[in-house]
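J.:
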Amino acid sequence: MLVYFMFVLGVGFALQRYMKTSKDFFLSGRSLPAWITGLAFISANLGAQEVIGMGASGAKYGIATSHFYWIGAIPAMVFVGVFMMPFYYGSRARSVPEYLKLRFDEKTRGFNAISFATMTVFSSGISLYAMGLLMGVLLGWNFTFAIMVAAVIVLIYIFLGGLTSAIYNEVLQFFLIVFGFAPLVLLGLKDAGGWSGLVTRLNGVATAQGYQAGAWSSSWQFMSAPSHNPMGVEWFGLLMGLGFVLSFGYWCTDFLVVQRAMAADSMSAARRTPLIAAIPKMVFPVLVILPGMIAIALTYQAGSSGFVLPKKLDGTFNYDLAIPMMLGHYFPTGILGVGLTALMASFMSGMAGNVTAFNTVWTYDIYQSYLRPGASDQHYLWMGRMATIFGIAISVAAAYVATRFNNIMDMLQLVFAFVNAPLFATFLLGMFWKRATGHGAFVGLLSGTAAAALHHGLTLPHGAMAGIKGGWFGAMHIYPSEMAQNFWTAIFAWTTCFVVTAVVSLLTKPRAESELAGLVYSLTARPKEDHLPWYKRPAVLGAIVLAVALVLNIVFW
Amino acid sequence: MGLDIRLPIGLMFTILGLLLFGFGILGDKAIYQQALGINVNLWWGAVMLAFGLAMLWFGRRGTRKVKTDPDRE
Chain A
1 MLVYFMFVLG VGFALQRYMK TSKDFFLSGR SLPAWITGLA FISANLGAQE VIGMGASGAK
61 YGIATSHFYW IGAIPAMVFV GVFMMPFYYG SRARSVPEYL KLRFDEKTRG FNAISFATMT
121 VFSSGISLYA MGLLMGVLLG WNFTFAIMVA AVIVLIYIFL GGLTSAIYNE VLQFFLIVFG
181 FAPLVLLGLK DAGGWSGLVT RLNGVATAQG YQAGAWSSSW QFMSAPSHNP MGVEWFGLLM
241 GLGFVLSFGY WCTDFLVVQR AMAADSMSAA RRTPLIAAIP KMVFPVLVIL PGMIAIALTY
301 QAGSSGFVLP KKLDGTFNYD LAIPMMLGHY FPTGILGVGL TALMASFMSG MAGNVTAFNT
361 VWTYDIYQSY LRPGASDQHY LWMGRMATIF GIAISVAAAY VATRFNNIMD MLQLVFAFVN
421 APLFATFLLG MFWKRATGHG AFVGLLSGTA AAALHHGLTL PHGAMAGIKG GWFGAMHIYP
481 SEMAQNFWTA IFAWTTCFVV TAVVSLLTKP RAESELAGLV YSLTARPKED HLPWYKRPAV
541 LGAIVLAVAL VLNIVFW
Chain B
1001 MGLDIRLPIG LMFTILGLLL FGFGILGDKA IYQQALGINV NLWWGAVMLA FGLAMLWFGR
1061 RGTRKVKTDP DRE
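Protein chains in written order, with our numbering: chain A, 1 to 557; chain B, 1001 to 1073.
Here is the structure:
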């Protein structure tokens, strides 16, 4: 672990001398090759929620969790690479909120910038909190010590090397995570008797929990009705809610990931970034979901090594500990260090992603726009470094708040979900419909957020009490599971935003077409790529990625 | 950018691989009971070492190419 920390910091120091302008610091001077930005693209997303959460869902819901990848992330990543990146990279925008300003108006940008900046510091705080708890369970580290180690290291390497340093470290973390978890999967799979042994055991898990055999090992077969699968969702909600609204909303509009692609050295490299990222992303279920499935399978029907999932105080399984506990169970001294470092790396890469997105949006979209316009570039570079410090300071504070008031964090995440859900409708209309106006976008976003809150307030997941889970206005509809409720909240928010934006746009004055060149699809020249070899053309890559994702869906049907 | 990321990645994995590999050879073999009797340190150390060396090799080749080819920045 020490070796890893040394390297992480070393990269930061080595890059310090290249950080001369704010563009170097926030956008890596737009000089990185596509494979680096591509790996950073997924690594930034590979934070705590991903590794721990996907492992937990793998145990709880089985292979259906892979929908988050093969139906959710992959098509959205192809879409952002092929269709949306030309606007982000080609326009003069330096961040996602800034694109909103160029395309729509100041208020739409302000709304997005402020909600996004708050969201990033709090999610990095939540990530820190989770890490502090986990390191306490696994290594007996003191909560404050664990948080401080991670926060200080992330602070140093971003402070020195800006986005480039974060990206380089994300690539380093990517390989470390792969190499740390791969042996775990191999050992676990061997213990469970290979894939066929695992499927037999999972059939046992399914029948024991009252589902048909196979509910844990086939991703689509039981999606006809919510009661047939442990996720409690049906194919329409899954496809529209997760596959369309939520995934596209995240991968296409979240600056945290888009920022990585914007650091690429050319338009075609920027467009290839999400496509290259999609290739390892397709295989990631093996690393993060499969261990969860192995954990639950071995718990119900013990393997030779006697692994079992720990239980919480109330007697239910503590799914979140699936991956950490397997690390401790299978890894002897030596490789255990690598596994734990990989876990730590995943927390840090997720946190660093949030912090770099925060310092950019803060400096460009809030500080430069509203607080102090017209200062020198050196001043903004300095501000970016300061933003890194106080962004991390707020994260640490948020982590401590979370230890005291866990509900506040749940509440905040809920509010962010409301704000995020409709966002993709705004971008879709903005990029592909030149008639969409600033007033339309702003009113649409507000009403989409309100619709999300309203829908959440009127419905409840099965078996939950009114409160944080919804139903504060009275429960008009009961969903079979929390996940189904989330998917439908997203669908309602998106539809409301789409319709309201369109209607208000038609009622307000359109902008002159000359102002929208480079910002809207019909008014932008298609990027030329005839000179590129076929394997570098975004459309060809995108088609290949989609085809492979389709095959994966069919194989694990 | 002036730093080829493949070099630090290669170096880190080479060092980690060597450490694990060495530990696998010299260390106490009884600890591998929990890993289903497989000497994971030895094997995985070798895999990481191979990956680290490959990265170093590609990184060095890439850096040299940039230096001899003035067109490529």
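Where is the CB? At the ideal position from N, CA and C, for every residue including glycine. A quick note: this is a predicted structure, and the numbers were derived from the prediction, not measured.
Indicate whether at least one CB of chain A lies closer than 9 Å to the CB of B/Gly1059.
T.: Chain A, which has no Cβ nearer than 9 Å to the Cβ of B/Gly1059, makes this no.
J.: At which residue ranges does the segment 33 to 82 of chain A contain complete alpha helix (DSSP H) runs of 4 or more residues, listed in the order of the chain?
T.: 34 to 45, 54 to 61 and 74 to 79
J.: Would you verify that the beta carbon of B/Ile1025 is, or is not, closer than 9 Å to some beta carbon of chain A?
T.: no
J.: Counting C-beta neighbours from all protein chains within 10 Å, is the total for A/Ile158 16 or more, i.e. buried, or is it exposed?
T.: If you draw a 10 Å sphere on the C-beta of A/Ile158, you find 16 or more other C-beta atoms in it, and that means buried.
J.: Could you tell me which chain B residues have their CB closer than 9 Å to the CB of A/Asp191, listed as they occur along the chain?
T.: Leu1036
J.: Thinking C-beta only, is A/Asn112 closer than 9 Å to A/Leu445?
T.: yes
J.: Using only the alpha-carbon positions, how far apart do A/Pro324 and A/Tyr129 sit?
T.: 16 Å
J.: In chain A, what lies closer than 9 Å to B/Leu1020 by C-beta?
T.: Within 9 Å Cβ-Cβ: Gly334, Ile335, Gly337 and Val338.
J.: Using a Cβ-Cβ cut-off of less than 7 Å, give me the residues of the segment 165 to 192 of chain A that come near chain B, in sequence order.
T.: Tyr168, Val171, Leu172, Phe175, Phe179, Pro183, Leu187, Lys190 and Asp191
J.: Taking the alpha-carbon positions, what's the A/Val338 to A/Phe331 distance?
T.: 9 Å
J.: Apply the 10 Å Cβ neighbour rule to A/Lys281 and answer buried if 16 or more other Cβ atoms are within range, or exposed otherwise.
T.: buried
J.: Look at the Cβ atom of A/Gly292, then the Cβ atom of A/Ala549, and state whether they are nearer than 9 Å.
T.: no
J.: Would you verify that the beta carbon of B/Leu1053 is, or is not, closer than 9 Å to some beta carbon of chain A?
T.: no
J.: Give a yes or no on whether the C-beta atoms belonging to A/Gly140 and A/Met326 are separated by under 9 Å.
T.: Going by beta carbons, A/Gly140 and A/Met326 fall outside the 9 Å limit.
J.: With 9 Å as the threshold, decide whether the Cβ of B/Leu1056 is near any Cβ in chain A.
T.: no
J.: So, does the CB of B/Leu1049 fall closer than 9 Å to a CB anywhere in chain A?
T.: Contact with chain A is absent for B/Leu1049, since none of that chain's Cβ atoms lies less than 9 Å from the residue's Cβ.
J.: Touching or not, the segment 77 to 86 of chain A and the segment 270 to 286 of chain A, by the rule of three or more beta carbon pairs under 8 Å?
T.: The answer is yes - the segment 270 to 286 of chain A touches the segment 77 to 86 of chain A, with three or more Cβ pairs under 8 Å.
J.: Contact defined as beta carbons within less than 8 Å: I believe B/Leu1056 pairs with B/Gly1010. What is the distance between those atoms, to the nearest angstrom?
T.: The beta-carbon separation of B/Leu1056 and B/Gly1010, rounded to 3 Å, stays under the 8 Å limit for a contact.
J.: What residue does the beta strand (DSSP E) around A/Pro461 start on, and which one ends it?
T.: Note, A/Pro461: beta strand (DSSP E), Thr459 to Pro461.
J.: Out of A/Ala397, A/Tyr521, A/Ile156 and A/Asn486, which one is the CA nearest neighbour of A/Ala451?
T.: Out of A/Ala397, A/Tyr521, A/Ile156 and A/Asn486, A/Asn486 has the C-alpha closest to the C-alpha of A/Ala451.
J.: What's the gap between the Cα of A/Ala269 and the Cα of A/Asp191?
T.: Taking the straight line from one Cα to the other gives about 42 Å.
J.: Could you please give me the residues that DSSP links to A/Ile559 through a beta bridge?
T.: With chain A represented from 1 up to 557, any question about residue 559 of chain A goes unanswered, as that position is not in the structure.
J.: With the cut-off set at 9 Å, would you say A/Val504 and A/Val443 are in Cβ contact?
T.: yes
J.: Using CA coordinates, which residue listed in A/Asn169, A/Thr37 and A/Ala436 is at the minimum distance from A/Val257?
T.: Among A/Asn169, A/Thr37 and A/Ala436, the Cα nearest to that of A/Val257 belongs to A/Thr37.
J.: Drop a sphere of 10 angstroms on the beta-carbon of A/Gln378, count the other beta-carbons inside from all chains shown, and report buried for 16 or more, exposed for fewer.
T.: exposed
J.: Would you identify the three-state DSSP class for A/Phe487, choosing helix, strand or coil?
T.: When DSSP states are grouped into helix, strand and coil, A/Phe487 belongs to the helix group.
J.: Ordered along the chain, which non-local residues of its own chain (more than five positions away) have a Cβ less than 7 Å from that of A/Thr489?
T.: Ala421, Ala452, His455 and His456
J.: Which residue from A/Glu234, A/Thr144 and A/Asp365 puts its Cα closest to that of A/Leu102?
T.: Ranked by Cα distance from A/Leu102, the first of A/Glu234, A/Thr144 and A/Asp365 is A/Asp365.
J.: DSSP three-state label for A/Lys311, please.
T.: strand
J.: A/Ile36 touches chain D at which residues, Cβ-Cβ below 8 Å?
T.: Within the model displayed, chain D is absent; protein chains A and B are what it includes.
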